[in-house]
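Chemist: The following block contains the structure, expressed as structure tokens.
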Amino acid sequence: MIAKRIIPCLDVADGRVKKGVNFVHLTDVGDPVAIASAYQQQGADELVFLDIAATNEHRQTMATMVEKVSAQVFMPLTIGGGISSVADMQRMLRAGADKTAINSAAVADPALIQAGARKFGNQCIVVAIDTAWDATSQTYRVYTHGGRQATDLDAVDWAKHAVALGAGELLVTSMDRDGTKAGFDERLYRLISAAVPVPVIASGGAGRVADFVSVFKNTPVDGALAASVFHYGELTIGDVKQTLRQQGVVVR
Amino acid sequence: MFAIVDYDTGNTRNLQKALTYLNVPTCLTADPQTLAAADAVILPGVGAFAAAMDALRSRQLVDVLQQLGRHGKPLLGICLGMQLLFESSSEYGEHAGLGLLQGRVAALPASPKVKVPQMGWNQNVIRQSNSPFASIDAAFTYFVHSYYAVCPEDEIVATVEHGVTVPSIVQAKNVIGMQFHPEKSGRVGLAQLAAFKEMVSANDFSSN
């Protein structure tokens, strides 16, 4: 049986990890290779790197970073942030990434999903969806540009459309929960998972070990992503997995 | 020197990086003489079966690989590269493979509980406890595939469950296949590549 995945997410600019990662024994808190190795040791199943600068120049730096990380860390790597063309995807995949995540660019030009999937296979194309509950329309609305721009898209419709175009996985971030540590938005993940046949990764709201148990027990998501709780050492991946295992969730 | 077959099929770099990490010198080549001179040949592969066989054919590599495999050259196929070692595949029509292993490649059956492609970490069960790959028992490795090998039991070294029983390592003497990505399976994956390296340097494939 496929294990549920625990995925730390790292923000990167200029080839350095931002949002100070706070591990004991880590001398350089911004070194992506050292941090990725530490997460590999802890038992992370996959790493997501988000390029938060994402200018052309930064993308080359990002590719160089992916080269370095993939020479030392042997697990699936997903790269997102500012990927807006098939050439951007190719550069990251060639550098050693296994998947590329596209967000605003996919909303602006959904054909990009199809073009990427045709060239590299669906398994390489992750569509990242940022969404928040809209009380007026009683739907989950899609946002782009790091959550700054509202769109007219309904998250469930957009998820279906993205998968129909060839998205092999969806990384769905609840903006309502992001940074709150109030737990994952389980209603959102039940809705999205029921609508698509591809893996769904939950993101936003992880605060306690119980939040991971709950999202895997109560929704069919395939993975859960978190940043700060892992970076600041509030939770370790080992602790999360041990509890999940005790609760009967299959983890690696 | 391990030769990685260069036939334009996706990312071979990560495999090369993993072997470099294990201090195995590698080269990426489609040259028959270089392949014949190598200590071992690795056949990687992502994408579709027929396209990969066409790519091998257009580089005149089908005969070369068949001869090498039949004459004892250690040959490791990974992911689609493993599937190509079998007699045939039903991926988008019926297509002949290299025929170095007995069996065929069939679609993984999808169901609401079983997603296809199988994408993620799955837990291995060893089927041949005397195998140099026995350390894989109960350990997880990383899979990305939609088709799987249907083959005789004596070729199956390890399996995972994904709706059906999926061979994860297969072997007939010097011809070995791994359905998972050892280069993406952390310590466990590296250990399988290291086991292969050991088999090559000891020239011992007698476990199967």
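The listed protein sequences correspond, in order, to chains A and B.
FYI, the numbering for the first sequence is 1 to 252, going by UniProt numbering.
FYI, the numbering for the second sequence is 1 to 208, going by UniProt numbering.
Every residue, glycine too, gets a C-beta built ideally from N, C-alpha and C.
Between A:Ile6, A:Pro199, A:Gly82, A:Thr180, which has its C-alpha nearest residue 253 (chain A)'s C-alpha?
Modeler: Nothing about residue 253 (chain A) can be read from this structure; chain A reaches only from 1 to 252.
Chemist: Rounded to the nearest angstrom, what separates Val240 (chain A) and Ile2 (chain A) at their Cα positions?
Modeler: Taking the first sequence and counting its residues from 1, one reaches residue 240 (chain A) at position 240. Taking the first sequence and counting its residues from 1, one reaches residue 2 (chain A) at position 2. About 17 Å.
Chemist: Rank B:Val200, B:Ser201, B:Arg127, B:Gly189 by C-alpha distance to the C-alpha of Gln40 (chain A) and give the top, closest one.
Modeler: Against the first sequence, residue 40 (chain A) aligns to sequence position 40. For the residues B:Val200, B:Ser201, B:Arg127, B:Gly189, the minimum Cα distance to Gln40 (chain A) belongs to B:Gly189.
Chemist: Determine, for Tyr147 (chain B), whether the minimum Cβ-Cβ distance to residues of chain A falls below 9 Å.
Modeler: Position 147 of the second sequence, counted from the start, is the residue given in the question as residue 147 (chain B). For Tyr147 (chain B), the answer is no, since every Cβ of chain A falls outside 9 Å of its Cβ.
Chemist: For the alpha helix (DSSP H) that Thr20 (chain B) lies in, which residues bound it at each end?
Modeler: Sequence index remark: in the second sequence, residue 20 (chain B) carries index 20 (1-based). First-last of the alpha helix (DSSP H) with Thr20 (chain B): 13–21.
Chemist: On the CB-based measure, 16 or more other CB atoms within 10 Å of its CB, does Lys17 (chain B) come out buried or exposed?
Modeler: Sequence index remark: in the second sequence, residue 17 (chain B) carries index 17 (1-based). Label assigned to Lys17 (chain B): buried.
Chemist: Among A:Met89, A:Gln247, A:Val69, which residue has its Cα nearest to the Cα of Ala210 (chain A)?
Modeler: Residue numbering aside, residue 210 (chain A) sits at position 210 when the first sequence is read from its first letter. Ranking the options by Cα distance to Ala210 (chain A), first place goes to A:Gln247.
Chemist: Below 8 Å on the Cβ atoms is my contact criterion, and I expect Met62 (chain A) with Val127 (chain A) to pass it. Report the Cβ-Cβ distance as a whole number of Å.
Modeler: Residue 62 (chain A) sits at position 62 when you count from the first residue of the first sequence. Residue 127 (chain A) sits at position 127 when you count from the first residue of the first sequence. Incorrect: roughly 19 Å between the Cβ atoms, too far for contact.
Chemist: Could you check how far apart the C-beta atoms of Ser90 (chain B) and Arg70 (chain B) are, in whole angstroms? I think they sit under 8 Å.
Modeler: Locating residue 90 (chain B) in the second sequence gives position 90, counting from the first residue. Locating residue 70 (chain B) in the second sequence gives position 70, counting from the first residue. With a Cβ gap of about 25 Å, Ser90 (chain B) and Arg70 (chain B) do not count as contacting.
Chemist: Just mark Gln138 (chain A) as buried or exposed, buried being the case when its beta carbon has 16 or more other beta carbons within 10 Å.
Modeler: For the purposes of this step, residue 138 (chain A) is taken as residue 138 along the first sequence, with counting starting at 1. Per the 10 Å Cβ criterion, exposed.
Chemist: With 9 Å set as the bound, which would you pick, yes or no: does the beta-carbon of Ser168 (chain B) sit closer than that to a beta-carbon of chain A?
Modeler: Position 168 of the second sequence, counted from the start, is the residue given in the question as residue 168 (chain B). False, the Cβ-Cβ gap to chain A never drops below 9 Å.
Chemist: Would you kindly report the start and end of the unbroken beta strand (DSSP E) that includes Gln123 (chain B)?
Modeler: Within the second sequence, numbered from 1, the residue matching residue 123 (chain B) stands at position 123. Element bounds for Gln123 (chain B): 118–123.
Chemist: Comparing the C-beta of Arg91 (chain A) with each C-beta of chain B, is any distance below 9 Å?
Modeler: Reading the first sequence from its first residue, position 91 is the one you call residue 91 (chain A). No - not a single Cβ of chain B is within 9 Å of the one on Arg91 (chain A).
Chemist: Just to make sure I have the definition right: I need the residues of chain B whose C-beta is within less than 7 Å of the C-beta of Asp98 (chain A). Which are they?
Modeler: For the purposes of this step, residue 98 (chain A) is taken as the residue at position 98 of the first sequence. Simply Lys184.
Chemist: Tell me Ser203 (chain A)'s beta-bridge partners as DSSP assigns them.
Modeler: Start at 1 with the first residue of the first sequence, and residue 203 (chain A) comes out as number 203. Answer by DSSP bridge pairing, in chain order: A:Thr173, A:Leu225.
Chemist: Considering only the beta carbon of each residue, do Leu170 (chain A) and Ala162 (chain A) sit closer than 9 Å?
Modeler: Residue mapping note: residue 170 (chain A) aligns to position 170 of the first sequence, counting from 1. Residue mapping note: residue 162 (chain A) aligns to position 162 of the first sequence, counting from 1. Going by C-beta atoms, Leu170 (chain A) is nearer than 9 Å to Ala162 (chain A).
Chemist: In terms of residues, what are the limits of the beta strand (DSSP E) holding Tyr232 (chain A)?
Modeler: Stepping through the first sequence from its first residue, residue 232 (chain A) is reached at position 232. Where Tyr232 (chain A) is concerned, there is no enclosing beta strand (DSSP E), given that its DSSP letter is neither H nor E.
Chemist: Of all the options A:Arg177, A:Ser193, A:Ser228, which has the alpha carbon lying nearest to the alpha carbon of Lys160 (chain A)?
Modeler: Locating residue 160 (chain A) in the first sequence gives position 160, where the first residue counts as 1. Closest by alpha carbon: A:Ser193.
Chemist: In whole angstroms, give me the CA-to-CA distance for Gly183 (chain A) and Thr236 (chain A).
Modeler: Residue 183 (chain A) sits at position 183 when you count from the first residue of the first sequence. Residue 236 (chain A) sits at position 236 when you count from the first residue of the first sequence. One C-alpha to the other measures close to 16 Å.
Chemist: Could you tell me which chain A residues have their CB closer than 8 Å to the CB of Gln81 (chain B), listed as they occur along the chain?
Modeler: Residue numbering aside, residue 81 (chain B) sits at position 81 when the second sequence is read from its first letter. Looking at the sequence itself, residue 81 (chain B) is Gly, so the reference to Gln does not match. Within chain A, no residue comes near Gly81 (chain B); the closest Cβ sits about 15 Å away, beyond 8 Å.
Chemist: Along chain B, which residues have their Cβ under 7 Å away from the Cβ of Gln123 (chain A)?
Modeler: Numbered from 1 along the first sequence, position 123 holds the residue referred to as residue 123 (chain A). What Gln123 (chain A) touches in chain B: Pro117, Met119, Val144.
Chemist: Fully enclosed by the segment 110–137 of chain A, which beta strand (DSSP E) runs are 3 residues long or longer?
Modeler: Fully enclosed beta strand (DSSP E) runs of 3 or longer: 125–134.
Chemist: Do Met92 (chain A) and Asp45 (chain A) come within 9 Å of each other at the CB atom, strictly closer than that value?
Modeler: Working through the first sequence from its first residue, we reach residue 45 (chain A) at position 45. Working through the first sequence from its first residue, we reach residue 92 (chain A) at position 92. Contact flag unset, no.
Chemist: May I ask whether a heavy atom of the ligand NAD can be found less than 8 Å away from the beta carbon of Met1 (chain B)?
Modeler: Although the ligand NAD was asked about, the structure shown includes no ligands whatsoever.
Chemist: Quick one: which residues of the segment 193–207 of chain A get their C-beta closer than 9 Å to a C-beta of chain B? List them in chain order.
Modeler: Residues passing the 9 Å Cβ filter: Pro197, Val198, Pro199.
Chemist: Quick check: is the beta carbon of Pro8 (chain A) nearer than 9 Å to any beta carbon in chain B?
Modeler: Indexing the first sequence from 1 puts residue 8 (chain A) at position 8. No, because no Cβ of chain B sits closer than 9 Å to the Cβ of Pro8 (chain A).
Chemist: Tell me which residue opens and which closes the alpha helix (DSSP H) that Glu186 (chain A) is part of.
Modeler: In the first sequence, counting from the first residue as 1, residue 186 (chain A) sits at position 186. Looking at the DSSP string, the run of the alpha helix (DSSP H) that includes Glu186 (chain A) is 186–195.
Chemist: Can you tell me whether residue 219 (chain B) is buried or exposed, with buried defined as 16 or more other CB within 10 angstroms of its CB?
Modeler: Chain B is shown only over 1 to 208; residue 219 (chain B) falls outside these bounds and no answer can be derived.
Chemist: Report the three-state DSSP secondary structure of Asp152 (chain A) (helix, strand or coil).
Modeler: Here residue 152 (chain A) corresponds to residue number 152 of the first sequence, with the count starting at 1. In the structure shown, Asp152 (chain A) sits in a strand (DSSP, three-state: E or B).
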